[in-house]
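Okay, structure first, notes after.
Residue numbers (my numbering): 8 to 615.
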């Protein structure tokens with residue numbers, strides 16, 4: 008990374024060369040030394056002598072220093088031993104032992120922020136140190152360098168020039184420029200410290216951009232770069248950018264998906280709501296993700312930490328049900344920080360996410376994940392104290408106004424009704440319908456659909472046993488193969504024209520004319536092939552949808568009464584009209600109609 012800085016200090020223009028950041032930092036250090044010499048000569052004095060220092064210390068001899076040692080190590084520091092926590096601690100302690108032999112002091116604490124950038128205003132160690140200064144527990148702060156404490160000029164100036172003087176606290180910086188506010192209280196307001204702050208801020212900006220590019224490159228390759236593995240996975244001990252299954256937690260993830268979609272399979276309870284799943288997990292004493300990771304000694308993060316919550320919640324369960332990572336797909340970049348100064352997380356548009364398929368072993372089948380996703384789109388509110396989702400929740404609409412119907416109980420019966428129906432000035436005249444009546448209507452309708460699909464399956468089986476001419480997909484594949492053979496033949500002829508021209512068998516004009524003719528024929532063939540491939544793709548996609556249709560209907564063919572799983576698999580919406588009639592729109596309407604149209608219009612074997 009290159010850096011160039013241009014400052015105006017007390018009317019003097021100072022510009023560093025364009026250098027790699029380490030060299031620019033060295034260049035800036037030389038500038039500080041020059042600046043300090045200029046400051047001394049301009050003031051007409053040789054600086055503060057040792058006699059002055061001794062006098063200051065003698066005047067403050069009675070002060071007992073309550074020392075805070077501040078240490079910070081960021082992710083960008085990597086394995087640099089010179090910046091390690093241990094090395095910073097040694098430098099600070101060595102300074103005290105060598106220079107504070109005659110002073111009365113106590114090291115109150117060593118405040119450490121490990122893995123955090125200096126622009127982060129929420130550093131736990133730094134905030135704890137600030138509070139101890141406010142509480143009077145600390146009156147002296149020592150750091151290895153300004154960069155360890157600050158990467159933001161505004162924060163640096165506010166802390167050094169406003170906060171510390173307010174609480175009469177001493178500040179010592181062992182780096183360049185050396186600062187001891189007891190010896191020279193005005194050191195922090197000179198030009199050397201702001202220049203260093205500017206450099207540190209620019210360094211943070213450049214480093215942030217480089218780190219972002221590196222992380223995005225890893226994300227695009229499907230490498231996991233998160234600090235914490237999702238619940239159910241752990242980082243591969245041999246490759247921290249790869250996820251491996253944590254089987255103990257993965258079994259809980261599977262239970263969550265199955266309970267939400269299919270229920271506990273106990274009695275007639277049916278599928279569970281999100282809150283019902285959370286209650287079931289807590290009742291069984293299953294550790295929440297944060298409690299589990301703490302028990303295992305794993306790194307963890309609890310988004311609900313402000314609630315001091317270590318139990319299963321609806322938010323936690325919903326997050327697992329929506330996490331595509333469980334299908335073996337790496338999904339990253341869903342959030343980002345606003346800038347290197349502002350560390351607030353904001354959501355990223357879905358089209359900017361980094362998605363890579365098949366990067367790790369799945370815990371959940373894609374089909375199960377998709378089915379759960381469909382159910383999540385439904386309104387799955389439950390009555391207080393209940394775990395199971397109401398049978399028709401999220402399916403019922405008023406045919407007049409399109410609003411969702413509401414559920415109520417009266418005299419031992421359950422009704423669904425439109426809240427605005429019958430209100431003055433409202434066009435909606437929909438009336439209520441009893442749940443038992445609606446259940447019978449849905450039962451009869453689905454039974455009729457299953458019967459029709461069974462008859463249709465027999466017809467399609469007959470078509471599939473017919474000659475190739477009756478099979479659209481095979482017919483398209485045969486046509487595509489012929490076109491490919493013809494295209495290869497024409498390309499061979501076109502390629503030989505050049506040799507014929509050079510051999511004298513063709514004139515230049517004949518060569519150019521024939522070349523253009525064959526090129527045009529090849530392009531027309533390619534266009535025809537593209538059209539056939541698209542038609543074949545649609546045919547295969549339709550076949551898959553139709554096969555899915557048959558599979559789902561056959562799976563429920565022997566049902567006795569409607570259940571939640573069946574409605575999610577079959578039904579898109581149920582509309583209740585003002586005359587009490589029920590309209591059911593099925594999810595498989597399109598492939599069903601397409602199959603019947605094809606059979607009626609073009610398959611001779613289906614007519615006899």
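Even for Gly, the Cβ is constructed at its ideal location relative to N, Cα and C.
In this text, all values refer to a predicted model and were calculated from it rather than measured experimentally.
| task | List the DSSP bridge partners of residue 616. | result | Because residue 616 is not part of the residues shown, which for the chain are 8 to 615, the question remains open.
Fill in: Secondary structure of residue 405, DSSP reduced to three states
The answer is strand: DSSP assigns residue 405 an E or B state.
Practice problem: May I ask you to report which of helix, strand or coil DSSP gives residue 80? | Solution: strand
The stretch 221-240 in contact with the stretch 184-204 per 3-pair CB rule at 8 Å: no
*Could you tell me whether the Cβ atoms of residue 236 and residue 262 are closer together than 9 Å?*
no
Label residue 183 either buried or exposed according to how many other C-beta atoms from any shown protein chain fall within 10 Å of its C-beta, with 16 as the threshold for buried. It counts as buried.
Among 357, 381, 331 and 396, the one whose alpha carbon lies nearest that of residue 366: 331
Given a cut-off of 9 Å, decide if residue 149 and residue 119 are closer than it, judged by their beta-carbon atoms. Judged by beta-carbon spacing, residue 149 lies beyond the 9 Å limit of residue 119, meaning their Cβ atoms are not closer than that value.
Where does the unbroken beta strand (DSSP E) through residue 361 begin, and where does it stop? 361-363
Self-check item: Beta-carbon proximity list for residue 415, same chain, < 6 Å, skipping 5 on both sides
Solution: 422
| field | Helix, strand or coil at residue 368 [DSSP, three-state] | value | coil
Out of 244, 240, 328 and 271, which one is the CA nearest neighbour of residue 281? 328
Point to revise | Burial state of residue 193 (16 or more Cβ within 10 Å) | key: exposed
- Task: Would you check if the distance between the CB atom of residue 333 and the CB atom of residue 231 is smaller than 9 Å?
- Result: For residue 333 and residue 231, no; Cβs fall outside 9 Å.
Worksheet item: With DSSP run on the structure shown, which of helix, strand or coil describes residue 72?
Response: strand
Margin query: With three or more C-beta pairs closer than 8 Å as the rule, is the stretch 481-496 touching the stretch 522-538?
Written below: At 8 Å Cβ cutoff, the stretches touch.
Residues that DSSP places opposite residue 538 in a beta bridge
According to DSSP, which records beta bridges pairwise, residue 538 is partnered with nothing at all.
- Query: For the putative contact between residue 385 and residue 268, defined by C-beta atoms under 8 Å, what is the C-beta separation to the nearest angstrom?
  - Reply: Not quite, the Cβ-Cβ distance comes to about 12 Å (not below 8 Å), so this is no contact.
Subject >> Collapsed DSSP secondary structure at residue 514 in the structure displayed >> reply: Coil, per DSSP.
Let's see if you can read the secondary structure: which residues bound the beta strand (DSSP E) around residue 135? Per DSSP, residue 135 belongs to no beta strand (DSSP E); it is in the alpha helix (DSSP H), 131-141.
| field | Cα-Cα separation between residue 336 and residue 364, rounded to whole angstroms | value | 4 Å
(message) Could you give the first and the last residue of the continuous alpha helix (DSSP H) run that contains residue 250?
(response) Here residue 250 belongs to no alpha helix (DSSP H); instead the beta strand (DSSP E) covers 246-252.
Exercise. Comparing alpha-carbon positions, which option in 567, 79 and 226 lies nearest residue 95?
Worked result: 79
Exercise for review: Specify, as a first and last residue, the run of the beta strand (DSSP E) that residue 243 falls within.
Suggested key: 240-243
Which of the three DSSP states is assigned to residue 115 in this structure? strand
Would you call the CB atoms of residue 404 and residue 591 closer than 9 Å?
-> no
| said: Along the chain, where does the beta strand (DSSP E) containing residue 573 start, and where does it finish? | reply: Here residue 573 belongs to no beta strand (DSSP E); instead the alpha helix (DSSP H) covers 571-577.
Exercise. Is it the case that the CB of residue 589 approaches a heavy atom of the ligand ATP more closely than 8 Å?
Worked result: As for the ligand ATP, it is missing from this structure, which has no ligand bound.
Residue 399 to residue 420 span [Cα, whole Å]
15 Å
* Compare the beta carbon distance of residue 135 and residue 170 with 9 Å and say whether it is the shorter of the two. => no
Report task. Report buried or exposed for residue 451, applying the criterion of at least 16 other Cβ atoms within 10 angstroms of its Cβ. Result -> exposed
| query | Hey, quick one: how far does the beta strand (DSSP E) through residue 593 stretch, first residue to last? | reply | 589-593
Original post:
Roughly how many whole angstroms lie between the Cα atoms of residue 290 and residue 152?
Top reply: 52 Å
Query - Residue range of the beta strand (DSSP E) that includes residue 354 - result: 352-354
Item to check | Residues near residue 518 in its chain [Cβ-Cβ closer than 8 Å; skip 5 each side] | outcome: 504, 505, 507 and 508
Excluding five sequence neighbours on each side, which residues of the same chain lie with their C-beta closer than 7 Å to the C-beta of residue 160? 201, 204, 205 and 208
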